[in-house]
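Have a look at the structure below before the remarks.
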Amino acid sequence: MKTIFHNIYKPDKRRKIFFIILGIIIFFLSKDFGFFDDDILFGSKMGNHLYENSIFNWKMPNSFDPGHPPFLATILAVFWKIFGHNLWVSHLAMLPFVIGFFIQLDKFIIYLLKDKKLHFFAFLLVISDPTLATCLILVNIEIITLFFFFLIINSILKTNRKLQFIGLIFLSIISFRSMMLFAGIFIFEILYLKFFHKKTLKKILTSKHIGFYFIASLPAFFYVGWRLLTKGWLQTHSSSPWESLWHFADFDYFIRNCIVLIWRYLDFGRVFIMIFIIISFLIFGKKIMHSKKHKFLLLLGLSSVIFIIVTILIVTNTVGIRYFITSYICLNLLAFLILTNFYKQKKIIFLLLLIGLISGNLWIYPKQISTAWRATLGHIPYHSLRLKAIDYLNKNAIDISNVGSFFPNYTKLDYIDLEGDKRSFAKFNGKNKFVFYANVYNLTDEELNILDKNYTELKQFNNFNTTIVIYILNNK
């Protein structure tokens, strides 16, 4: 089997064709998946504002302005203008970044592994991570960020300053998280040149090097300055829906954030990767750190997200599972390198790690514990099931505007499906006559108790691990 994949994967031209075909297959499999979770805001809401007004009108209404640059929204608005305002066009806009990411990831793997026969299996292990795999099928910011991130890293490794500069310019304006990745790369390159190329800090931190990063970061500085001048605030204001999320955490909340951060690195099958790495260090100890490639992956995996980690630990915002994808990729590849360098039972261990990662798509926590559905392929059945449930409401003449629902579903249907349906679910308040509930919505304990005590199940829809329930308010 190794030989078969090696023959398909061997020539550089054939590899690119493989990645193009893989990207196209993913596109056709996912083109009907509606906008989901935060992507409804960053992609559809902001994109529709640009589409209906002007592509260059980056000043969003305060009611849904998250502060982030509307980079994804701009790409979508351009594609909608050219190809039509449709859901499949939104997925088409992601296709170049998906294929581009595959190519950059492959180049990164080539740098790490000399044995060409192992390249495909390293690639497979990486894209089997549920959080990364989900980014390949949804319209989202992350896949764009990942493409430019690995373009930059590969350019650093190949000393291609032109491509590195282009990548940095774009990375500086995608989102606030991408800006922090930009800063992380700045730290990474300094440490990489010092410890791997034995350069002194004096030779690294020259005016030319600092100027290079400063000029590349100008889009970020211009954007932040423009926002402060035109809006007077960066991310939140007193009436912002996210105002409560951006406060400094007290000690208890800081400890909570630390625990959640560890959980993120173990969630959705990654626990098997982490256990394997820890056991390997216990068995082989310092031998693992003799390899420059191993140290390189640890350095990149930590330094790239260091500013995101520090920020997320000291504020009351949610510790998002997608924030650390670059780090997950480095750890998955570290596990693969350790496996190929130190173990005899390579095939068995690889299969166990692969199955462990894939099993993460089946991980569902109890209702009282939030599941990061946006970061697992386990949410896929929701898309078609949601349409069936809406069809049920329509056939039974139940006015959707009178149906309460939860994040991310209480928004215009058009923002999710781009079908022109301007109706919108109401936000759940405990008094709605009807309620549209799905287990992919993370409810508070109070909301779950209200549903349990005050509502009766009217209709239930099931598909694999996904359930949607239409509730009706009990008569008093």
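The numbering used here applies: residue 2 is where the sequence shown begins, and numbers increase by one. C-beta atoms are modelled at their ideal positions from N, C-alpha and C, and glycine is treated no differently. None of these values were measured; they are calculated from a predicted model.
Proximity of residue i and residue j at Cβ, strictly below 8 Å
i, j, result
"Gly-379", "Leu-363", "yes"
"Phe-124", "Leu-113", "no"
"Pro-220", "Ser-173", "yes"
"Ile-145", "Leu-137", "no"
"Lys-405", "Ala-439", "Contrary to the premise, residue 405 reads as Gly rather than Lys in this sequence. No. Outside cutoff."
"Leu-51", "Ala-78", "yes"
"Leu-459", "Ile-471", "yes"
"Phe-148", "Phe-102", "yes"
"Arg-424", "Ile-401", "yes"
"Ile-154", "Leu-169", "no"
"Ser-371", "Leu-192", "no"
"Glu-42", "Pro-70", "In the sequence as displayed, the identity of residue 42 is Leu instead of Glu. Not a contact, by the Cβ cut-off of 8 Å."
"Pro-131", "Leu-358", "yes"
"Thr-457", "Asn-430", "no"
"Ile-100", "Ile-21", "yes"
"Leu-88", "Leu-419", "yes"
"Phe-197", "Phe-297", "yes"
"Asn-333", "Ile-274", "yes"
"Ile-483", "Phe-249", "This structure leaves residue 483 out entirely; the chain is present only between 2 and 477."
"Ser-385", "Asn-464", "yes"
"Lys-432", "Ile-473", "no"
"Ala-373", "Ile-469", "no"
Buried/exposed call for residue i, threshold 16 Cβ in 10 Å
i, result
"Ser-208", "exposed"
"Met-290", "exposed"
"Lys-348", "exposed"
"Asp-40", "buried"
"Arg-375", "buried"
"Val-320", "buried"
"Val-483", "Since the first residue of the chain shown is 2 and the last is 477, residue 483 is not available in this structure."
"Cys-259", "exposed"
"Gly-421", "exposed"
"Phe-57", "exposed"
"Arg-162", "exposed"
"Ile-18", "exposed"
"Pro-367", "exposed"
"Phe-337", "buried"
"Glu-190", "buried"
"Leu-126", "buried"
"His-295", "buried"
"Thr-231", "exposed"
"Arg-265", "buried"
"Arg-15", "exposed"
"Leu-119", "buried"
"Ser-240", "exposed"
"Thr-445", "exposed"
Identity of the residues DSSP links to residue i by a beta bridge
i, result
"Glu-448", "Paired residues: none, contrary to the question."
"Val-404", "Phe-435"
"Tyr-456", "Leu-474"
"Thr-468", "Asn-463"
"Ser-1", "Outside the displayed range of the chain (2 to 477) lies residue 1, so it cannot be described from this structure."
"Val-316", "Phe-249"
Spatially closest choice to residue i from the options, by CA coordinates
i, options, result
"Ile-188", "Gly-48, Val-306, Gly-431, Ile-170", "Val-306"
"Val-441", "Asn-466, Leu-388, His-86, Phe-351", "Asn-466"
"Leu-246", "Ile-471, Ile-313, Phe-407", "Ile-313"
"Asp-268", "Asp-392, Phe-325, Leu-283", "Phe-325"
"Leu-133", "Ser-328, His-92, Ile-399", "Ser-328"
"Phe-65", "Phe-121, Ser-45, Ser-55, Leu-158", "Ser-45"
"Leu-139", "Gly-35, Phe-308, Trp-264", "Gly-35"
"Val-299", "Phe-435, Ile-153, Lys-413, Cys-331", "The question names Val, yet the displayed sequence has Leu at residue 299. Minimum Cα distance to Leu-299 is reached at Cys-331."
"Met-181", "Ile-191, Asp-38, Ile-309, Thr-445", "Ile-309"
"Ala-411", "Ile-18, Asp-38, Thr-372, Leu-340", "Residue identity check: residue 411 is Tyr in the sequence provided, not Ala. Nearest option by C-alpha distance: Asp-38."
"Tyr-214", "Ile-278, Pro-367, Ile-350, Gln-165", "Gln-165"
"Arg-271", "Ile-356, Gly-85, Ile-153, Leu-386", "Ile-356"
"Trp-227", "Glu-53, Met-61, Phe-98", "Met-61"
"Ile-157", "Ser-91, His-210, Ile-25", "His-210"
"Tyr-416", "Phe-435, Asp-33, Asn-49", "Asn-49"
"Leu-262", "Leu-202, Arg-323, Gln-461", "Arg-323"
"Lys-159", "Leu-194, Met-47, Phe-171, Thr-317", "Leu-194"
"Ile-27", "Ala-94, Gly-286, Pro-409, Arg-178", "Ala-94"
"Lys-293", "Thr-75, Leu-335, Phe-255", "Leu-335"
"Leu-30", "Ile-381, Thr-317, Asn-395", "Ile-381"
"Ile-399", "Phe-437, Leu-202, Pro-409", "Phe-437"
"Thr-377", "Phe-171, Glu-448, Gly-233, Ile-128", "Ile-128"
"Asn-443", "Leu-23, Phe-121, Ala-184, Phe-407", "Phe-407"
"Phe-171", "Ile-280, Lys-396, Ile-76, Gln-236", "Ile-76"
"Ala-74", "Ile-83, Asn-63, Glu-448, Trp-59", "Trp-59"
Residue i beta carbon near the ligand ATP (any heavy atom closer than 7 Å)
i, result
"Gly-226", "Ligands are entirely absent from the displayed structure, and the ligand ATP is therefore not among its contents."
Minimum length 3: unbroken beta strand (DSSP E) runs contained in the region 44-85 | none
Completely contained alpha helix (DSSP H) runs for the region 240-270, where each covers 4 or more residues | 252-267
Segments of 3+ residues assigned as beta strand (DSSP E) that fall wholly inside the region 129-216 | none
Completely contained beta strand (DSSP E) runs for the region 331-367, where each covers 3 or more residues = none
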